[in-house]
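A.B. asks:
Residue numbers (the UniProt record's numbering): 1 to 259.
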């Protein structure tokens with residue numbers, strides 16, 4: 001027998017259980033792209049103001065005038081979260097929404113409040129909860145994913161850094177008089193030199209179609225030529241899959257502290 005407070009959709013799929021914490025909107029605002037390089041080949045980026053104040057929060061990103069943004073970690077000692085862009089010029093606006101776990105919601109004494117066995121608030125009608133419409137996941141290098149919800153304003157939430165590094169095919173340079181930059185040898189061995197093109201991307205997303213569409217996208221991070229130099233083994237390739245929520249922010253005010 002079901003116990004406590006539950007909400008299910010028309011198909012009987014559970015949408016909310018009173019024992020589970022939700023995420024409530026703490027603050028929203030606008031941030032702007034700056035000529036701040038991150039990685040080796042990502043020329044512009046933006047910071048999420050006050051994100052260091054809420055270190056366990058989920059950050060939702062919208063706007064961007066069609067440019068993509070990808071999580072690039074924490075900026076220096078500031079504690080602020082930083083996002084690289086796919087060439088967005090300085091001054092490009094992105095909107096942000098900072099959501100925290102519902103057990104940070106202050107008691108209001110009115111409206112509907114649901115609490116779990118630990119007496120923590122799991123839902124309150126006085127706050128805006130995160131409305132997740134979809135999950136886009138996988139290695140973006142294998143192909144972009146896109147979803148559209150007509151008539152809604154969408155944003156995306158990337159929980160962690162994602163991306164890949166792939167070593168390109170080696171080019172060998174001979175040791176027989178040509179020196180380390182003369183391509184006179186096709187295979188390694190001896191005292192040969194080598195170089196290759198590194199493919200380094202971070203994964204993120206963009207908002208398009210007047211806010212109705214979210215698409216995954218790769219952002220340049222470490223697309224550099226390695227060498228020529230003494231021939232060594234290439235580092236192993238790696239792939240860290242993207243996991244990104246598509247979030248409905250229709251009607252949510254921007255530039256407001258909610259609690």
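Ideal placement from N, C-alpha and C gives every residue a C-beta, glycine not left out.
For residue 177, name the three-state secondary structure that DSSP assigns.
C.D. replies: Note that residue 177 has pLDDT 43, beneath the 50 cutoff, so the model's placement of it is unreliable and no number is given.
A.B. asks: Helix, strand or coil: which one does DSSP assign to residue 141?
C.D. replies: The answer is helix: DSSP assigns residue 141 an H, G or I state.
A.B. asks: Where residue 185 and residue 234 are concerned, what is the direct C-alpha to C-alpha distance, given to the nearest angstrom?
C.D. replies: Here the model assigns residue 185 a pLDDT of 49, short of 50, so the residue's position is not dependable, and the following value carries that caveat. Spanning the two alpha carbons is a distance of roughly 18 Å.
A.B. asks: May I ask you to report which of helix, strand or coil DSSP gives residue 125?
C.D. replies: coil
A.B. asks: In the DSSP assignment, find the beta strand (DSSP E) that holds residue 262 and state where it starts and stops.
C.D. replies: What is shown of the chain runs 1 to 259, which leaves residue 262 out entirely.
A.B. asks: Name the two residues that bound the continuous beta strand (DSSP E) containing residue 248.
C.D. replies: 242-248
A.B. asks: Please go through the segment 69-108 and give each complete beta strand (DSSP E) segment of 3 or more residues, from N-terminal end onward.
C.D. replies: 69-75, 80-85 and 93-101
A.B. asks: Strictly by DSSP, which residues pair up with residue 259?
C.D. replies: In DSSP, residue 259 forms no bridge with anything.
A.B. asks: Just checking residue 154 against the ligand SAH - is the residue's beta carbon closer than 8 Å to any of the ligand's heavy atoms?
C.D. replies: With respect to small molecules bound, the structure shown includes none, and the ligand SAH cannot be examined in it.
A.B. asks: Are the segment 32-39 and the segment 77-90 in contact at 8 Å, needing three or more beta carbon pairs?
C.D. replies: Result yes; three or more Cβ-Cβ pairs closer than 8 Å.
A.B. asks: Cβ of residue 130 within 9 Å of Cβ of residue 23?
C.D. replies: Yes, the Cβ-Cβ distance between residue 130 and residue 23 is below 9 Å.
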